[in-house]
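K.L.:
To start, I am sharing the structure in question, which I have written as structure tokens.
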Amino acid sequence: MPAITMNPGFILILVGILSIFMKNNKQRFILSMAGLATSLFIILGLPEGERLLTFVFLDFEIILLEVDVISRNIALVFVIFGAGAFIYSYKFCKKKEFPLVNFYLGFSFMILFVGDFISFFVAWEIITVSAFFLIYDINDAVRQHTAQYYILMHVSGGLMLLWGIILHVTESGSIILTMPERGLIFFLISIAVKLAFVGVHTWLPRTYANIPFHISVILSAFTSKIGVYGLYRIIELDNMLIAYFGAFSAILGVILAMTHSDIRKILSYHIVSQIGYMIIGIGIGSELGIVGGSFHIINHILYKGLLFIMAGTVIYSFGYENLENLGGLWKKVPITFVTSLIAALSIAGFPFFNGYLSKTMIKHSTDNQIIYYGMMIAGIGTALSFIKIMYFGFIREGNNPPMKKKPLFSMRVSMVFLAGIMMTMALLPEQMESLFNISTGINYFSAYEVWNGVQPILIGLALFPILQKTIEPHPEQPIEPDFYCDICNSFIEFDNKVSKIHTGDMVRYVSWVLFALVLLLLNFYVTSLF
Amino acid sequence: MKNISFNKLFSFSLVSLLGVLLLISFYDISNLEVTLSLSEHYINYGVEETGAINLVTAILFDYRAFDTIGEATVIFTAASIVALILPQHEASMLKTEFTPIVHQSIAFILPFFWVISIFLIAYGHLSPGGGFSGGVIISAMSILIIFTYGFHYMTRRFNVTRLSLIEDFGALLFLSIGVFGLIYGGSFLANSQAGVYLGNPGELLSGGLMPLSNLAVGAKVGTGLSIIFISLTRED
Amino acid sequence: MDLLIWLIIIPLFTIFSIGIFNYINKKFVLPVVFTSAILQSGIAIYYIINRNNLLPQLYNVGNWQRDIAINLSIDNFTLVIFVLIAIMPLLSLLYSITEIQRKPAKFYLLINVLLLGASGMVMTADLFNFYVFFEIASISSYALVAFRDEDISLEAAFEYLIIGSIGSVFLLLGIVLTYQATGTLNMAMIPGRMAEIPVITRQVLMSLFIIGLGVKFALVPLHAWMPDAYQGSPISYIVLSSGLVVNVYFFVLVRILFIFFGVEFFQETIFTNLIVGWGVLSMLFGHGAALQQDNLKRLFAYSTIAQLGYVIIAFGLGTEAGIVAGSFHLISHALLKGAIFFTAGNLHKATGSYQIREMKGMAEKMPVMSIIFVLMLIAMVGIPPSNIFVSKWLILSAAVEAGYLLPAFMIVFGSFLSLGYYLRPVITIYTGYTGFPGKLPLLKFNEYFPTLLLAGICLIIGLFPGYILNIIDTAPEFLLEQSNFIIHILGG
């Protein structure tokens, strides 16, 4: 196969530009799918480990194409999920969303393959900006607020990245994407914001629960995974501390998820938690750990995307997303029920479903007991909260809301498509391992491993009747003020006081001038005395 | 009340502190031993190099003619700004009626004003005076006319439009002298260095293009200041 | 060829003759003004293109010998401003055709006076001559602020006049004392003699220059005139002011400080720390105050103050990288801010107000302008691939290299603050349509063309910064090495 050496992101960016000029959604859809197919073709033919497409920018060598196994595999799953998401949503996407989603995807692809800090930063920031426009809506104050929160959070993260890059570049004199020599903490902060680490995760549930469901499908699948990929690319160290943080994030995310009852909020907090697993894998730093972590990214994109698609379908068909208002859906939307059950079992790590493989890999990559039990607890929590979604949403005979619209054919197609891919992946562990050029020697389907995988779910099932009262659904606010809002407000108040010094009083202004001069002169005269 | 007195006290102490600091630095600088090479050059070689006895004019129109064209532009701009910003309505000030004696004597004096201003301009390079001083006297004439005969008399004779045309031509004359220097002598505003006939110092036709420059600046400054005064006397 | 003197002659001719043309026939005014503007841009471009053969170039006005004459000079540092002279005035004049309906001839006259002052200040190598051009530019600025003849403009102009005159007084004092202390006005002869006078006297002179010129480029706390002045004046003037004139004042201050006193002097007297700290103060204050503004023009005035803070930091480092970075930011900020002001003016056509809250729902009235506006605001924060990103990158790396970590971090923080206040107009413009009274105004060619052109230039510079960097990368030679400048002016 002739290989086109090209960063596949550019195709999608080009498609994004072209789709501005298309007439209707069908054309835009076909164009986007064609773009994805082209990128798939390109990705399959990309040579590994070489630095290509280089040019000089500000005395630095920009590397626009550098492929390794992990980035290629993540890109492959990006293509698959991107296709699924397009199929899912093309019928009701707005006009502006096609180009923006394509830009968003394009720069997400681009960031996977760049080999230097400048283009990494560029893609990093443009992902933020295009996501901002996707979140933003003219007529919706909540979304405006959310978008503002999102961009402030992410740009502050991005500026931290810039600062870290500057520190690194001035120290090392090169911009090749490697482990930073200086300012590691700033890289970590920046990545933490992007991957919604506990503490700076606040943008994530706030965003994904408030935007239209098809956009949350797209954003949830990519944004934080870019952060994990960044963690893998930049922070190349086997630091158990990071792994501990990951375990902490996994547990806390799950606990937060259980206390909410808005489906998309639960899913959002689960992203925080699942990202914890990926951090554990990458933090452990052994080859198995890294592969497990990135394999978990791939799995997570698929099942979390599918779950968001499920949430979207529920919203589309019933108009509610709080579990309180739902119940007994399994009869009305059977395909949705089955596929989301697959996704839920996957995320819980049930054997023969795809989350299981990567979780097992991560478990095998370390023999640290804290991590092991941390993952166990998180697994129990995950199981609990998905039992919650499945029980309250689909099985329980609760409010039984009437179905407003039948899910579109395209929606069902995308669900079945993604579920099929997931099941294929789950049942072919050797092929998956060979995709990552690794041979672990783990026998995934041995009784011991299966028992290990089933354990948390059984515990979860056992605990559910006990905890049912505490985690029962309850109404929720779309936006809850938090710590960062308080900081912003108090800063603005302070700033308001400071800027009140402009009174329009001329004497005051003139005395500022004189004061500056006197201060300057005094400074010189006083220092000259010593 | 307390607040106000504090502000005043602050301003006072600020200004006095500034004064003290500046005085100290003035004192420091005045104690320096400096050779003022630039002014020494002007004094030693001025007459010889420029052909003008009046060194002030030599500096204004030859050594630093470039500054002069800038200063002329400042006055020009000031005149047009004043004409632009001040209200365009009827004059109501200067309603004082003078007796015929005043009218007659001013009419008697005005020609002398003309003569002295022409003299100052024409002999600018020989004796104290020059385009700027002559121009100021011209503008003093217009002030006198407005005071005695009234605003309307003046604007009937010389309204602002006509005056600014004269000003424009004066300024253009100065500019074209500069361009002449550029073409003839290779450098903008070149006069003595361009090889223009300098004449004998002390004669009326000496100093190269200086008399002409004086004339241009005189016309410009005289009309410019007149415009400023006329505009200032207009009121709502 | 010595074209540089024509940068003085052409505006002078325009200034003096515009009244005559206006008297003969009003139709002549525009062609004359535009011919002159195009010629001026052309000369600047000519020097930029032929920089390798022509520069540095010296011009002795009046053909006097070099130590007596008033010298005009162009060296590689001057090109920083020449880039702006080549672009800004023409676009600003183009925009003013529809904006200025009342007394256009006077407006063009004053703009030309402003340009004359700017070109003169940049090129002159004589201290007193510099003051003359300084006053020329100042006077026309005061008038241009008052040009709209509304209460707020007149008040702002008066304020500017008072504060500006105080600045001029100190500047003149500085010049006079310099002459008193060195005995010469030639900027190339001053450094040698300056080195002989006591340190404290030099520092006093330096303070006077900083305060005198700092007023003009709105160094905090000398900035008070700027928001009011911008609020009251026409867009065409604001673009020229923030895009050219303010930068010229800063440019001259840099030249005076570096040439007269020398970098070594700053480093000995920890003056670099002071200037960098001052830049940080200027930047943070500008951003902080902008956060509270409701008027777009005021908001961008404060943002200009803040952006000049970045430039001050960069130049204050006193390193080669710092000077290149500062020059680059000077240029890219000027271009982008010009585009932003033009867009704000275009949006104003629909609402008739510069209050942010009255721009609600603009996006549905003027979709293209709105999206450009938003993209430019985001670019202003330094999000790639904008030119501001490149300049911030350069400034940050220069600052970190020079060891100024905290100021550099403050730049990052300042960018974050700026995003905070740029979001407000964005969100207001992109909020549900409320309906405007009246019809949608059609934008004329001369209104959207300058906007799009400047935005395009900014994008190109952001993607290919080499075009600008090639022009300015030799600039530090004439600042850091006093001897280069002295030899250039006085000969070997």
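Chains as they are written, first to last, in the numbering used here: chain Y, 683 to 1212; chain S, 21 to 256; chain X, 61 to 552.
No residue lacks a Cβ here, since even glycine has one placed at the ideal position from N, Cα and C.
Fair warning: this is a prediction, and the values are worked out from it, not measured in the lab.
#1: Measuring alpha carbon to alpha carbon, tell me which of N120/X, Y106/X, L170/X and I160/X ends up nearest L139/X.
#2: Please report the straight-line C-alpha distance between V35/S and L1196/Y, rounded to a whole angstrom.
#3: Would you mind working out which of A878/Y, H952/Y and F737/Y sits nearest T905/Y, comparing C-alpha positions?
#4: Residues of chain A with CB under 8 Å from L1196/Y, in chain order?
#5: In chain order, what are the residue ranges of uninterrupted alpha helix (DSSP H) at least 4 long that sit wholly in the region 190-233 of chain X?
#6: Look up T534/X in the DSSP assignment and say whether it is helix, strand or coil.
#7: How should A719/Y be labelled, buried or exposed, when 16 other C-beta atoms within 10 angstroms of its C-beta is the threshold for buried?
#8: Nearest by alpha-carbon distance to L503/X: which of G522/X, F402/X, A385/X and Q100/X is it?
#9: Can you name the residues of chain X whose CB is closer than 8 Å to the CB of F803/Y?
#10: Please report the straight-line C-alpha distance between D256/S and L170/X, rounded to a whole angstrom.
#11: Quick check on DSSP: helix, strand or coil for F737/Y?
#12: Within 10 angstroms of its Cβ, does Q117/X collect 16 or more other Cβ (buried), or is it exposed?
#13: Helix, strand or coil for M683/Y per DSSP?
#14: Let me know if Q956/Y comes out buried or exposed under the rule of 16 or more other beta-carbons within 10 Å of its beta-carbon.
#15: On the DSSP letters alone, give me the boundaries of the alpha helix (DSSP H) that Y309/X sits inside.
#16: Please determine, among S212/S, L232/S and H172/S, the residue with the shortest C-alpha to C-alpha distance to L265/S.
#17: Closer than 8 Å by C-beta to N689/Y: which residues in its own chain qualify, once you throw out the five before and the five after it? Chain order, please.
#18: The beta strand (DSSP E) with N136/X in it runs from where to where?
#19: Rounded to the nearest angstrom, how far is the Cβ of G144/S from that of N211/S, given a contact under 8 Å?
#20: Please look up how many angstroms separate the CB atoms of L556/X and G348/X, rounded, as I've assumed it's under 8 Å.
#21: Identify which residue in I105/S, G201/S and I44/S has its Cα closest to the Cα of R208/X.
#22: How long is the line joining the alpha carbons of I1017/Y and V1098/Y, rounded to whole angstroms?
#23: When you compare only the Cα positions, how much space is there between L740/Y and L841/Y?
#24: Express the C-alpha separation of G382/X and V738/Y in angstroms, rounding to a whole number.
#25: Taking just the CA atoms, how far does V450/X sit from M683/Y?
#26: Kindly give me the distance between the Cβ atoms of S213/X and G292/X, rounded to whole angstroms, as I take these residues to be in contact under 8 Å.
#27: For R253/X, which residues in the same chain have their Cβ closer than 8 Å to its Cβ, ignoring the five residues on either side in sequence?
#28: How far does the alpha helix (DSSP H) with L341/X in it reach, from first residue to last?
#29: With P862/Y and I916/Y assumed to form a contact (beta carbons below 8 Å), what rounded beta-carbon distance in angstroms separates them?
#30: Taking contact to mean 3 or more Cβ pairs, one atom from each stretch, closer than 8 Å, check whether the region 982-989 of chain Y and the region 1002-1010 of chain Y are in contact.
#31: In the region 341-365 of chain X, which residues sit with their C-beta less than 7 Å from some C-beta in chain Y, listed in chain order?
#32: By the criterion of Cβ-Cβ separation under 9 Å, what are the contact partners of I820/Y in chain X?
#33: Sort G1037/Y, I961/Y, Y914/Y and K1070/Y by Cα distance to V1136/Y and report the nearest one.
#34: Need the endpoints of the alpha helix (DSSP H) that V824/Y sits in, please.
#35: Cβ of D256/S less than 8 Å from any chain Y Cβ?
#36: Measure the Cβ-Cβ separation of G846/Y and G865/Y and say whether it is below 8 Å.
P.N.:
Concretely, from the data shown:
#1: Considering only alpha carbons, the answer is Y106/X.
#2: Using only the alpha carbons, I get a separation of about 8 Å.
#3: Nearest of A878/Y, H952/Y and F737/Y to T905/Y, Cα basis: A878/Y.
#4: Protein chains in the displayed structure are Y, S and X, and chain A is not among them.
#5: Runs found: none.
#6: Residue state, collapsed to three classes: coil.
#7: Counting Cβ neighbours within 10 Å, A719/Y comes out exposed, since fewer than 16 surround it.
#8: Selection G522/X, F402/X, A385/X and Q100/X evaluated against L503/X yields F402/X as nearest (Cα-Cα).
#9: Chain X residues near F803/Y: P444.
#10: With a pLDDT of 49 at D256/S, under the threshold of 50, the predicted position of this residue should be treated as unreliable, though the coordinate-derived value follows. Computed Cα separation, rounded: 25 Å.
#11: Looking at F737/Y - three-state DSSP - the assignment turns out to be strand.
#12: Buried, since its Cβ has 16 or more Cβ neighbours within 10 Å.
#13: Below a pLDDT of 50, predicted positions are generally treated as unreliable, and M683/Y, at 43, falls in that range; no measurement from the model is reported.
#14: Under the 10 Å beta carbon count, Q956/Y is surrounded by 16 or more other beta carbons and is classified as buried.
#15: Note, Y309/X: alpha helix (DSSP H), V306 to I316.
#16: The structure shown does not extend to residue 265/S, since chain S is modelled only from 21 through 256, so no value can be given for it.
#17: Counting only Cβ-Cβ distances below 8 Å, and skipping sequence neighbours, we find L735, L746, L747, F791, M792, F795 and V796.
#18: According to the DSSP assignment, N136/X belongs to no beta strand (DSSP E), since it is labelled neither H nor E.
#19: About 14 Å separates the Cβ atoms of G144/S and N211/S, ruling out a contact at the 8 Å cut-off.
#20: Given that chain X is displayed from residue 61 to residue 552, the structure contains no residue 556/X and the question cannot be resolved.
#21: Per the Cα distances, I105/S.
#22: Cα-Cα distance, rounded: 8 Å.
#23: The alpha-carbon atoms of L740/Y and L841/Y are separated by roughly 19 Å.
#24: For V738/Y and G382/X, the distance between alpha carbons rounds to 21 Å.
#25: Confidence in M683/Y is poor, its pLDDT being 43 and thus under 50, which makes the residue's placement unreliable; the coordinate value appears in the next sentence. Whole-angstrom Cα-Cα distance: 39 Å.
#26: S213/X to G292/X, Cβ: 4 Å. Contact.
#27: The beta carbon of R253/X lies closer than 8 Å to those of A241, T242, G243 and T244 in the same chain, with the five residues before and after it left out.
#28: For L341/X, the enclosing alpha helix (DSSP H) covers residues F331 to A350.
#29: The pair is a contact, with the Cβ atoms about 7 Å apart (cut-off 8 Å).
#30: Short answer: they don't touch.
#31: For chain Y, the residues of the region 341-365 of chain X that bring a beta carbon within less than 7 Å of one of its beta carbons are G348, A349, L351 and Q352, in chain order.
#32: Near I820/Y (Cβ distances below 9 Å), the residues of chain X are G421, A423, E424, Y490, T491, G492 and Y493.
#33: Nearest option by C-alpha distance: G1037/Y.
#34: Annotation: the continuous alpha helix (DSSP H) that includes V824/Y extends over A823 to S854.
#35: In this predicted model, D256/S has a pLDDT of only 49, less than 50, meaning its place in the structure is not dependable enough to derive any value.
#36: Going by C-beta atoms, G846/Y is nearer than 8 Å to G865/Y.
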